[in-house]
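Novice:
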Amino acid sequence: MAPASDWEFASQAHIDAAATAFLSLGILAAVHRRQGLTGALFACAAMVKYFPLVLLPTLLRRWDWRLPTALIVTAGLLFIPYAGSGHMFGFLGTHLGNEGYRDGWGFQIVWFFAIFRSLIRAWSHISSSLAG
């Protein structure tokens, strides 16, 4: 890792370091064709942050069920302590609201079009006032 990311992980106490560690180990396991271990490590990474799940389709091998089976079993085992608590998904609902996904602002493409639309409006007001 780059020194800046090491500093950020250490000084800000980001949980991203744990997700990155599991993700890196999972990719290493995939390189060594250890599909079951890859699934288990990606489940651990997904329990910390859900973004590693985006990489899974690139690692799946046709008709090899070890990775998805290990992923589901490991995730299920990791969820057992939370099953009766009523807080099985923890902070996820609040997080989606805080990050703007619930309102649609968490997606970068939405930001792009909103900013683009604002720039077009501003440009039309400027050009009309200069022309008139």
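This note's numbering puts the first residue of the sequence shown at 30, with every later residue one more than the last. Note that the Cβ used here is the ideal one computed from N, Cα and C, for glycine as well.
Roughly how many whole angstroms lie between the Cα atoms of Ala50 and Ile44?
Specialist: 10 angstroms
Novice: Kindly indicate the opening and closing residues of the alpha helix (DSSP H) around Val60.
Specialist: Asp45 to Val60
Novice: Is it buried or exposed for Thr103, if we count other Cβ within 10 angstroms and need 16 for buried?
Specialist: buried
Novice: Give every residue of the same chain whose Cβ lies closer than 7 angstroms to the Cβ of Leu88, excluding the five residues on either side of it in the sequence, and list them in chain order.
Specialist: Shown here for Leu88: same chain residues with a beta carbon closer than 7 angstroms to its own, the five before and five after excluded, namely Ala59, Thr67 and Leu96 in chain order.
Novice: How is Arg150 classed by DSSP in three states: helix, strand or coil?
Specialist: helix
Novice: Could you tell me which of Ala151, Ala47, Leu100 and Leu106 sits nearest to Lys78, measuring between CA atoms?
Specialist: Ala47
Novice: In whole angstroms, what separates the C-alpha of Ala74 from that of Pro81?
Specialist: 6 angstroms
Novice: Counting only the same chain and skipping the five closest in sequence on each side, list residues whose C-beta sits under 8 angstroms from that of Trp92.
Specialist: none
Novice: Look up Arg63 in the DSSP assignment and say whether it is helix, strand or coil.
Specialist: coil
Novice: Just to confirm before moving on: does the CB-CB distance between Met76 and Leu52 stay below 9 angstroms?
Specialist: no
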